[in-house]
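Structure record follows, encoded as structure tokens.
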Amino acid sequence: MATSQLFQGAEAVAEIARDKASYTGFLAGLFEADVRWDLLTSIDIPQTSQPALEFFERFKAALVSLDSEQVDREEELPEPVLKALADLGAFGIKIPKRFGGQEFTQYEYQRLAILCGSVDASLTVLLSAAQSIGVPEPLRLFGTEEQKAKYLPRLARGEISGFALTERHVGCDISKVETYAVRVMENGQTIGYRLTGHKFFITNSAKRDGEFLSSMLVVIARIVDRPEEVHDPQAQKRYGAFIVETAWPGCSVVRLRFEGVRGIYNGAPSFDQVHIPCENLLGGEEDGLRIALATLTVGRLTLPAACLGGLKQCLAVMRWWAKTRVQWNKPIGEHNLIGEKLCRAAASTLALEAVMAFCGAWANKKGDLRLESAASKILGSEWYWQTVNDLFQVRGGRGFMTAESQRRSGEVDIPVMRMMRDARINLVWEGTSEILRIWMAREGLAPYIEQALALLRGTLAQRSAAPLYYARMVVRSCLPCSSPARTAGLFGGDYRRWVRFVESASRRLTRSILGTTIRHRQSLHHKQLLLQDLVDDSLALFPMAATIWYVSQPDMRSKPGIHVLADYFCQEMADRLNPEAKRISRHKKDADVYRLSKAVMNGEYAWLEEGIVPLLGKETDRRVA
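In short: position in the sequence shown from 1, add 309, done, that's the numbering used here.
Written as structure tokens, this is what we have:
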């Protein structure tokens, strides 16, 4: 059975656009009982350059005047702040120096996203969309030298850009794009294109109705010879990526408004016979979907980094209030139902910091992060949402008050409700948690699917090779792929137990995949709940491994209480994978939570809150009855 026979219609188009390169990252190995510890041991936590550190300080200074409550109220970012950021070079963070940019590494950029995510969600989205999924990133990945020389200096000086992919009826199924570009022909040669269509949910596009914020957009459109081909199921589907300057005739926009992240400049741009010169086509005429997928893969890392900034902020507020608020003659954090939330916030912060450090280090080495970026987005958005909800519960009625009302009534103003409104969308944009899980399953299980197809309809050589692949997976899933003594000692004796657990759990996962592949065969991709369960196992093992690597780094080993917190996180992930073990160990959890929550409240883990602009000042350290 050919792939085109297994995947029909839009699924088949998406299959064609897939990056067919074999996965060489850490997560891919977990699906094949191959725990690639060498990827972790080959990297260290990246160093931040002195120019980047100096830039961070200037960036903080530019944010002093930013009032997030005002942004929320007025649905605008102040013009002086935008100008200050442009003058600073904040829109050219990843652009090479030869084009006027800062040329910071991915890890340095993530640190800036953490800082930004702790201050204001709207500002984070503006900067992220401008350079992670805006024109600079696809231009860097797929642009010609001529295209880079034309546009990157403008962007480095502060012009804002965006990425126009989604439409009113097109979200994750990007093969359904109806915006089209008609070839303009002369003497049998394409001399340009006429772009027509409507985009929706395009960040950084609209300043207000009828006025663009972005000076240019990358627009994904179907390339046709006649407009009628768009709705012809028999017509060949080609998708291109075009750099479109929004000042060109035929471009218009309407701004969209939202319940959270109210200062984002999201809009619905329209294009009416917009002339695009040939030199503004990125890549080839069939590269549009591939460019879109590659751009989103890299850009997705910004979101979990920003979520980490929010997590750090929540942790700081939660530990202050857990220690300050007294009920029944003791701080509320000493009540274990509250203390558990405090422990969970600290553990999630540590684990997400580890995941982002790994992704940043691996991105700096240009390693394969396709699965890891999706996993990071899922984990970051879900952990942050959980923690904001926990903070709301811990703050009680005050969490439901507006910041202004808290201030006028003499309370410390902590805008928990705004934080919740801003955090909720993280589970949706740049790929919903559900879609990303299904995508991870499709990609992680790709070798199994391909070998199954080879057995059914492959060449003689392919049919002969497939049983060998499955035999190898059977052996791997039953026997350790490396010496237990060697792997156990990789990160020191403190983590021997968890190293062995990750390896054994990876083997169990592989056995489950083998069983489900044999049982469901070509219908496997329809078993979404089953696929979700398999992916969720990998989403527990990946942060465990990243945390083990992170806390064993020389710069981290001496952090107060780090081994205790890492052990707590690993135990939580293990319990998720093995509910029976959770029941057995439940009797000792109260004591563990009490000790750890007291340590968090007493500031032993204050180092987890570094890298943000704190909401709380020293004046909030007073006790509140």
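Using N, Cα and C, we set each Cβ at its ideal position, and we do this for glycine too.
Under 8 Å, do residue i and residue j count as touching if we go by C-beta distance?
i      : j      : result
Ala666 : Tyr859 : yes
Arg492 : Asp534 : yes
Leu386 : Leu435 : yes
Ser786 : Arg820 : yes
Leu490 : Ser524 : Checking the displayed sequence, the identity of residue 490 turns out to be Ala instead of Leu. Against a cut-off of 8 Å, the Cβ pair of Ser524 and Ala490 comes out as no contact.
Ser861 : Gly801 : yes
Leu848 : Leu688 : yes
Leu448 : Leu432 : no
Ala631 : Gly619 : no
Met865 : Trp807 : no
Glu378 : Ala712 : yes
Val902 : Glu649 : yes
Arg746 : Val844 : yes
Lys597 : Tyr416 : At residue 597 the sequence reads Gly, which differs from the Lys that was named. No; because the gap between Cβ atoms is not below 8 Å, this pair is not in contact.
Ile573 : Phe567 : yes
Gly753 : Cys481 : no
Gln935 : Ala763 : Lying outside 310 to 934, the shown extent of the chain, residue 935 is not represented and no answer is given.
Ala399 : Phe368 : yes
Which residue marks the beginning of the beta strand (DSSP E) containing residue i, and which one marks its end?
i      : result
Leu526 : 525-533
Glu681 : It is not in any beta strand (DSSP E) - Glu681 instead sits in the alpha helix (DSSP H) that spans 679-704.
Ile552 : 548-554
His872 : It is not in any beta strand (DSSP E) - His872 instead sits in the alpha helix (DSSP H) that spans 871-886.
Lys516 : 515-517
Gly802 : Looking at the DSSP string, Gly802 is not in any beta strand (DSSP E), and its letter there is neither H nor E.
Gly471 : 470-473
Under three-state DSSP, which class holds residue i?
i      : result
Gly920 : coil
Asn496 : coil
Val721 : coil
Pro756 : helix
Lys508 : coil
Lys927 : With a pLDDT of only 49 at Lys927, under the threshold of 50, the placement of this residue in the model should not be trusted; the figure read from the coordinates follows. Residue state, collapsed to three classes: helix.
Glu739 : coil
Asn638 : coil
Gly618 : helix
Ala307 : Lying outside 310 to 934, the shown extent of the chain, residue 307 is not represented and no answer is given.
Val933 : With a pLDDT of only 40 at Val933, under 50, the local geometry of the prediction cannot be trusted, and no value is derived from it.
Ala544 : coil
Arg564 : strand
Gly501 : strand
Phe521 : strand
Can you tell me where the alpha helix (DSSP H) with residue i in it begins and where it stops?
i      : result
Phe365 : 359-371
Thr856 : 837-860
Arg781 : 769-787
Asn645 : 645-673
Ser867 : Per DSSP, Ser867 belongs to no alpha helix (DSSP H) and is neither H nor E.
Glu462 : Looking at the sequence shown, residue 462 is not Glu but Pro. Note, Pro462: alpha helix (DSSP H), 454-465.
Asp581 : First-last for Asp581: 575-586, but that is the beta strand (DSSP E), not the alpha helix (DSSP H).
Val607 : 597-608
Val902 : 898-910
Ala342 : Premise fails: Ala342 is in no alpha helix (DSSP H) and is neither H nor E.
Ile483 : Segment: none, Ile483 is in no alpha helix (DSSP H) and carries neither H nor E.
Tyr914 : Element bounds for Tyr914: n/a, residue is neither H nor E.
Under the rule that 16 or more other beta-carbon atoms within 10 Å means buried, what is residue i, buried or exposed?
i      : result
Gly410 : buried
Asp899 : exposed
Ser313 : Note that Ser313 scores a pLDDT of 44, beneath 50, so its modelled location is shaky; the value from the coordinates is reported in the next line. Flag for Ser313 reads exposed.
Ile500 : exposed
Asp731 : buried
Lys392 : exposed
Leu777 : exposed
Pro445 : buried
Lys403 : buried
Ser690 : buried
Gly506 : buried
Leu769 : exposed
Lys508 : buried
Asn735 : buried
Cys425 : buried
For this session: May I ask you to verify whether the stretch 875-887 touches the stretch 655-663, counting CB pairs closer than 8 Å and requiring at least 3?
Result: yes
Exercise. Would you call the stretch 404-424 and the stretch 909-921 in contact, with 3 or more CB pairs under 8 Å?
Worked result: yes
Exercise. At a cut of 8 Å, does the stretch 611-623 reach the stretch 537-546 through at least three beta carbon pairs?
Worked result: no
Exercise. Is the number of C-beta pairs between the stretch 604-611 and the stretch 435-449 that are closer than 8 Å three or more?
Worked result: yes
Problem set entry | the stretch 446-462 touching the stretch 582-599, judged by at least three CB pairs closer than 8 Å | yes
For this session: Check whether the stretch 623-632 touches the stretch 674-686, counting contact only when three or more Cβ pairs, one atom from each stretch, lie closer than 8 Å.
Result: no
For this session: Mind the definition here: the stretch 516-527 touches the stretch 562-569 only if three or more C-beta pairs lie below 8 Å; say whether that holds.
Result: yes
Exercise. Taking contact to mean at least 3 C-beta pairs separated by less than 8 Å, is the stretch 831-842 in contact with the stretch 380-395?
Worked result: no
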